[in-house]
Every structure is written in structure tokens, then in C-alpha cells.
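J.: Structure incoming, see below.
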Amino acid sequence: MSISRFYKVSIAAAEKDEDRILDCLQRFGRLHIIPRDGQKTATEEPGPALSGQDKQTREAILYLHQAPDPNRPLSRWPVHHRDKPMRQRVQELVTRVLNNRDQLREVNDTIDGLKERIRLLRPWGDFTLPPDTCVEHFRLWFYLLPVNKRSALDELTLPWQIAGRSMRHYYLILISPDEPDKNILPVEREHLGSRSLQTLEEALEMREAEREDLESERQRLSRFRSLLQQQLRAANDEAMRQYVKTQTEKQQTLMTLQGWLPAADTAALQALADEEGFAFVAQPPAPEDNPPTLLQPAKGFRPGAMLAGIYQLPGYRSWDPSVHLYLSFALFFAMILSDAGYSLILLALLFVFRKKLAANKNIRDLLFTLFSTATVWGVLAGGYLGFDINAIDQAPEILKQLNIIHLNHYNAMMTISVLVGISHIVIAQLSLLANRRHKTSEWFIRAGWLAVIAGGVCFWQSLAPVYWASLLIAGALAVVSGSTMAALQQAANAATLSGKLMSAAKGVLALTGASGLFGDILSYMRLFALGLASASLGLTFNSLAEQALNASPGIGVVFAALIFLLGHSVNLGLAIMSATVHGLRLNFIEFYNWGEPGEGYAYTPFCHQAYAPTERREQ
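Heads up: the sequence shown at position 490 corresponds to 500 in our numbering, and the numbers run straight through without jumps.
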């Protein structure tokens with residue numbers, strides 16, 4: 011586990027060869043460009059905005075990818091498309107796709123409106139309103155009057171008629187040349203429109219047929235999604251290349267460019283330079299430089315690098331927390347879930363959907379580790395869908411023997427949670443110490459906090475005062491000494507005496523972190539609390555299901571099954587959310603707070619998103 015080392019590379023080539031050299035570097039794909047303005051990176055986002063066509067292409071691709079039943083994607087353009095320039099064929103296709111999208115949206119909105127009108131009109135029956143000339147310009151006004159408000163009809167002065175009745179409403183019609191006053195009845199009138207039920211149903215049928223045609227066209231167009239994606243990537247590549255071109259320096263007949271290169275790739279860059287005819291100088295980063303961060307954990311711990319990127323990448327000169335995050339997150343997830351039945355269900359679902367996760371191996375491996383660890387912890391805790399293994403007479407004896415963790419032993423579980431928290435923070439301190447071992451002040455600070463933690467443990471376990479008092483005093487002195495040394499080093503650059511004194515006072519103020527330290531350790535008790543809550547809720551649902559079964563042996567089976575399935579589904583969902591949120595929180599808040607990995611930015615090399623030489627020749 012380590013953070014990849016970088017060299018600062020300065021490239022020089024003939025100005026006339028700029029385009030060729032940039033194309034070679036983009037195909038090389040390992041150089042992180044340093045912008046001329048001194049910002050962190052030029053390659054996190056393309057400098058120039060994509061063209062209007064490229065933005066439309068992105069919208070078309072998203073629309074086709076969301077097609078319900080997409081066709082098999084084409085690997086090359088059909089013959090009848092190849093007589094047109096690439097730009098033209100893409101534009102025509104994108105226009106067709108977006109027109110289909112807009113028409114389908116319009117049709118869906120119309121269908122929704124028609125269905126709502128039909129829903130309102132159906133209770134009144136199928137009728138056609140007479141023309142105004144036939145009724146001397148009198149009009150019909152429709153109301154749904156609640157049955158319990160029948161007395162409101164006694165005060166009406168307008169002609170009225172009850173056309174029908176349901177369990178809750180009267181279907182009331184008023185006759186008036188103008189719209190009645192809003193307060194004439196205690197309900198608002200119904201807006202049924204002028205079209206009959208038959209007319210609306212015919213219009214709905216036609217619109218649904220139109221929607222089917224549009225959906226069929228969308229399905230046919232979906233075969234072009236990969237080709238459009240390829241062209242969009244090519245456009246992004248071109249945009250990036252043009253942007254990097256603006257980051258070069260021109261000096262007489264020379265072009266120069268700077269970037270960060272992983273130390274392991276210097277030989278490959280040298281081979282490329284010899285082949286393409288440019289020169290470069292690679293040197294280690296200066297103290298004022300800020301290279302990007304590239305995490306390179308061991309092969310089996312690569313999902314940890316993904317976890318580190320979720321919250322905050324460590325700084326280049328810091329240490330790699332990815333392995334610690336990976337292992338501790340798995341443990342915390344397991345402690346909160348605390349049920350082997352739930353974890354086995356999750357493992358089964360992972361197996362069923364393994365093909366859908368094949369494209370993202372890191373997520374698949376992370377989920378497998380989480381669920382496997384949760385299964386092991388669940389077996390040790392003896393929890394199986396809310397049932398205690400020892401309460402099941404027919405359970406295998408080996409499972410009962412493996413039940414060595416008991417959630418109902420509150421003191422023991424709280425002790426385990428606190429010890430896990432202490433170990434987690436101690437690991438953070440040791441990792442930080444190993445990273446800053448060359449700084450004497452860091453030795454004092456980290457050793458001091460470790461002594462304070464040890465003193466707190468001795469006090470917690472009620473050992474003799476000579477132990478915990480000595481450790482606490484020694485630790486406090488070490489923290490103050492180390493922090494004072496660090497502050498004085500910083501104060502050397504202070505211009506005023508007051509600045510120097512304020513900096514020196516920081517050493518004493520460092521002890522205020524002791525309350526935060528013990529508070530953070532106590533935060534790990536949530537592991538026990540949430541695990542116990544999940545187990546208790548599962549037990550509650552089992553008890554309710556049993557009561558339903560015993561209350562009515564016949565229909566009670568159905569109610570018991572519903573309570574069991576729905577209850578445990580809800581509990582499993584809550585447990586997953588709790589385990590994920592709090593498992594990550596303890597890593598990203600408590601662990602990061604005491605490990606101080608710093609904040610870096612991602613290594614984003616200047617490279618091709620897609621390289622399609624055949625399509626380039628067609629342009």
C-alpha cells in the first residue's frame with residue numbers, strides 16, 4: 011500500500027511538431043498536464059466547452075441507453091450511412107433521436123391528460139353535451155356532492171338534478187347560463203370538458219398507438235448508441251487536445267509543456283521521446299510543488315482506493331489509508347448488521363446479479379467482502395433472521411458452539427466496541443507517525459496521544475492510579491512539547507513578537523483535543539447500539555408473526571408470513587443503510603481526524619477516451 015511517486019516532467023519539441031507531439035502524448039496516456047496558470051490540474055475537466063452538437067449527442071446517448079428493450083449495438087456504421095461525412099451522419103441521427111424523445115414526451119403527457127379526463131368522466135357515463143343553441147344558451151355544471159352534505163340542495167335556487175349516486179357522493183347537475191358562484195355549494199365543480207367519454211377513449215387509443223410507434227422507433231435507433239458514444243468520446247478527446255495546446259509555452263521555435271508522470275513510467279516516456287523526436291527532463295517534485303495522488307494498494311485491496319476517493323484523497327506526501335478503510339469498513343458493516351441470515355441473503359443477491367456488476371470489479375469485490383465478513387460475524391453472534399441460534403432446538407451443534415459473541419451481554423459488547431474504537435485511532439496515529447518519522451515534533455505528539463489513550467484505558471479498567479496518572483501526565487507533557495516545537499518552527503517566520511507568542515501558545519492549547527479524543531472513541535459504541543437495535547427489531551417482527559399465527563391458525567399463516575417478510579425486508583433495508591452510513595462515518599470522521607491524511611487531488615492523465623483509427627479515416 012503506497013502512494014505512487016511522481017516526477018515533474020518538462021517536455022521540449024519543435025513548434026512545428028506540436029500537433030504531432032500532443033497526439034503522441036495523448037496516445038501515451040500517462041502524463042498529468044500542469045496548467046500554465048499554476049492550478050492543480052488541467053485534465054480534471056476539459057477546458058473548452060463541448061459544442062452544441064456534442065451536447066445534443068450526449069443527450070441522445072443517454073436517451074437511447076434508457077430504452078426499455080434496446081437492440082444489439084452496431085459496431086460499425088451501415089453501408090447507406092457511409093456516403094456522408096461523419097459530422098453530417100451524426101447530426102442527422104442525433105436530430106432523429108431527439109425528435110423521437112420530444113414527440114414521445116408530448117404523447118405521454120397527452121395520454122396522462124386523457125386518462126385523467128376519462129377517470130373523472132367515467133362515473134357520469136357516456137353522453138354528449140347539446141349545442142348551446144338547442145338549450146337557449148343554458149349550460150350544465152357538474153358537481154360531486156358528499157352524501158353527508160345533502161342538505162345543501164335545499165338552499166339552491168338554480169334547477170338541479172341528481173344523475174347518480176355512489177357510496178360517498180351524489181352526481182349533481184346544475185343548469186345555468188353562467189358559471190354558478192363558487193360558494194353555491196360546499197364543493198368545487200367538476201371540470202369534465204366538452205368531449206364525450208367515447209371521444210376521449212378513441213383519442214386515447216390513437217395516442218397509445220402513436221406511442222407504440224415512437225417506442226418502436228426508439229428501439230430501432232438504440233442500435234446506434236455505441237457509435238454515438240464513440241463519436242462523443244472522440245469529440246472529448248479533441249476538446250482536451252485543443253485545451254492542452256493552450257497550456258504549452260512557445261519560445262522562438264520551441265514548444266514546451268510540463269506535467270506529472272508516475273516514476274514507474276519514465277522509461278516508457280524515454281522510449282517514446284526517442285521514437286518521436288522530443289526531449290524531456292524528469293526531476294523529483296520540489297517542496298513547494300503539489301503533485302496529484304495516485305493510490306496503489308495491493309491487488310486484493312483496490313476497493314479501498316475507491317473508498318478513499320469517495321470522501322477525500324490523501325495528500326501526495328501523506329500516507330495511503332485505503333487498506334485501513336477497506337478492512338475497518340468491512341468490520342463495522344458486519345458489527346452493525348450482526349445477522350448471518352441477512353448477510354447470506356445479500357450474498358445470494360450478489361451472486362444473482364454478479365453479471366450486472368461485472369463491469370465494476372471494485373464494487374463487486376467490496377460487496378463480497380462486506381457480506382462475507384458480515385456472515386462470519388453473524389455466525390459468531392448467533393443471529394439468523396432475528397432468531398437466536400441457541401433458542402432453535404434443531405440447529406446444528408457446531409453453529410451453537412461458534413456463537414461466542416452475545417449481543418445481550420451489554421457490558422461485554424460495549425467493551426468490544428470501545429476497544430475497536432481505540433484500536434482504530436491507535437492505527438491512525440501509528441500510520442501518521444510512520445509517515446512523519448523524520449519530524450521530531452511528530453514523535454512527541456503521536457507518542458503523547460498514544461500515552462494518553464493508554465492512560466485512559468488504565469483508568470477505565472480501574473488500575474492503580476500510579477499507572478493511569480503517570481501515562482496521562484507523560485502523554486500530556488509529550489503532546490505539549492511536540493506541539494510547542496511545531497508551533498515554534500512555524501513562529502520562526504512570524505514578523506511580530508505577538509505572532510511568535512501566539513504560535514507558541516498553540517502547544518498548550520493542543521491538550522484541548524483530549525476531550526475530542528475520548529468523545530471520538532465513545533462514538534464507536536454506535537457499533538454495538540445499532541447492531542443491538544437491528545437484532546431487537548428482527549426479534550420483534552418474529553414475535554409479531556408468531557402471535558398472528560397463534561391467534562388464527564388458518565388465515566393467521568398468511569398474516570404471519572406477511573409480517574415476517576415485510577418486517578425483515580424493512581429491517582434489512584434499515585440495517586444496510588445504518589451499516590453503510592455509520593461504517594463510513596467512523597472512517598471518514600474519527601479515523602481521518604486522527605490520521606490526518608491531508609487532502610490531495612486525483613491523478614487524471616492526458617489520454618484518449620476512445621481511439622478509433624477507422625472512424626478517423628472516414629472523417
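Even for Gly, the Cβ is constructed at its ideal location relative to N, Cα and C.
Small disclaimer: the values here were computed from a predicted structure and weren't measured.
From L150 to L184, what distance separates their C-alpha atoms?
T.: One C-alpha to the other measures close to 6 Å.
J.: Please report the Cβ distance between P190 and L168, rounded to the nearest whole angstrom; I am assuming they are in contact, meaning their Cβ atoms lie under 8 Å.
T.: Rounded, the Cβ-Cβ distance is 6 Å, consistent with contact.
J.: Do W134 and F152 have their CB atoms nearer than 8 Å?
T.: Going by C-beta atoms, W134 is nearer than 8 Å to F152.
J.: Could you check where the alpha helix (DSSP H) with T383 kicks off and where it finishes?
T.: That run of the alpha helix (DSSP H) goes K371 to A391.
J.: Three-state secondary structure (DSSP) at I565?
T.: Coil at I565, not helix or strand.
J.: Assuming F381 and L360 are in contact, meaning their beta carbons sit under 8 Å apart, how far apart are those beta carbons, in whole angstroms?
T.: With a Cβ gap of about 6 Å, F381 and L360 count as contacting.
J.: Determine whether the beta carbon atoms of I415 and A391 lie at a separation below 8 Å.
T.: Their beta carbons are under 8 Å apart, which means I415 touches A391 by this criterion.
J.: Considering only C-alpha positions, which residue in the set K255, A244, D247 and L131 is nearest to S204?
T.: S204 has its Cα closest to that of L131, out of K255, A244, D247 and L131.
J.: Can you give me the C-alpha to C-alpha distance between R456 and E606, rounded to a whole angstrom?
T.: If you take the alpha carbons of R456 and E606, they lie about 12 Å apart.
J.: Please look up how many angstroms separate the CB atoms of R40 and L271, rounded, as I've assumed it's under 8 Å.
T.: Yes, they are in contact, since the Cβ atoms of R40 and L271 sit about 6 Å apart, within 8 Å.
J.: So, helix, strand or coil for V291, using DSSP?
T.: Three-state result, V291: strand.
J.: Taking A296 as the reference, give the member of M423, Q36, L442 and Y326 with the closest Cα.
T.: It is Y326 whose Cα lies nearest to the Cα of A296.
J.: Have a look at M424 and E609 and give me their C-alpha separation to the nearest angstrom.
T.: M424 and E609: Cα-Cα distance of roughly 33 Å.
J.: Helix, strand or coil for M587? Go by DSSP, reduced to three states.
T.: The answer is helix: DSSP assigns M587 an H, G or I state.
J.: Taking L7 and I346 to be in contact with their CB atoms under 8 Å, please state how far apart those CB atoms are, rounded to whole angstroms.
T.: Residue 7 is absent from the structure shown; the chain starts at 11 and stops at 629.
J.: So, helix, strand or coil for I573, using DSSP?
T.: Three-state DSSP puts I573 in a helix.
J.: For K18, which residues does DSSP report across the bridge?
T.: W270 and Q293, per the DSSP bridge assignment.
J.: Count the CB pairs spanning the stretch 540-555 and the stretch 444-460 that are closer than 8 Å, and state whether there are at least three.
T.: No, they do not touch.
J.: Take F469 as the anchor and find which of F528, Q499, A438 and L519 has the nearest alpha-carbon.
T.: When each option's Cα is compared against that of F469, the closest is F528.
J.: State the CB to CB distance for the pair L304 and S14, rounded to an integer number of angstroms; the pair is presumed to be in contact (CB under 8 Å).
T.: With 8 Å as the limit, L304 and S14 qualify as a contact, their Cβ atoms being about 4 Å apart.
J.: Would you report the Cα separation of A479 and F598, rounded to the nearest angstrom?
T.: The alpha-carbon atoms of A479 and F598 are separated by roughly 31 Å.
J.: Identify which residue in D33, M265, H334 and A358 has its Cα closest to the Cα of R251.
T.: The option with the nearest alpha carbon to R251 is D33.
J.: I'd like the list of long-range same chain contacts for R99, defined as Cβ closer than 6 Å, with 5 residues on each side in sequence excluded.
T.: Correct list, in chain order: H91.
J.: Determine the DSSP secondary structure at G465, reduced to helix, strand or coil.
T.: G465: helix per DSSP, three-state reduction.
J.: Check the DSSP bridge columns for Q171 and list the partner residues they point to.
T.: Paired residue(s): I183.
J.: According to DSSP, is Q471 part of a helix, a strand, or is it coil?
T.: Coil at Q471, not helix or strand.
J.: According to DSSP, is H42 helix, strand or coil?
T.: Looking at H42 - three-state DSSP - the assignment turns out to be strand.
J.: In the DSSP assignment, what residue or residues form a beta bridge with W151?
T.: Note: W151 sits in a beta bridge opposite L184.
J.: What does a CB cutoff of less than 6 Å around T138 pick up in its chain, not counting 5 residues either side in sequence?
T.: Excluding residues within five positions, the ones whose Cβ falls inside 6 Å are S206.
J.: Using only the alpha-carbon positions, how far apart do S493 and F38 sit?
T.: Straight-line Cα distance between these residues: approximately 46 Å.
J.: The alpha helix (DSSP H) that contains E212, what's its start and end?
T.: Start and end: L207 to L231.
J.: Measure the Cβ-Cβ separation of A585 and S544 and say whether it is below 8 Å.
T.: The answer is yes: Cβ separation under 8 Å.
J.: Quick check: what's the CA-CA separation for P484 versus S441?
T.: With the sequence shown as reference, residue 484 is identified as Ala, and Pro is not the correct amino acid for it. Rounded to whole angstroms, A484 to S441 spans 21 Å at the Cα level.
J.: If you reduce the DSSP assignment to three classes, tell me which class M265 lands in.
T.: Here M265 sits in strand by DSSP.
J.: Bridge partners for T303 per DSSP, in chain order?
T.: Answer is A612, bridged to T303.
J.: Taking only the alpha-carbon atoms, compute the straight-line gap between R68 and R111 and give it to the nearest angstrom.
T.: Using only the alpha carbons, I get a separation of about 13 Å.
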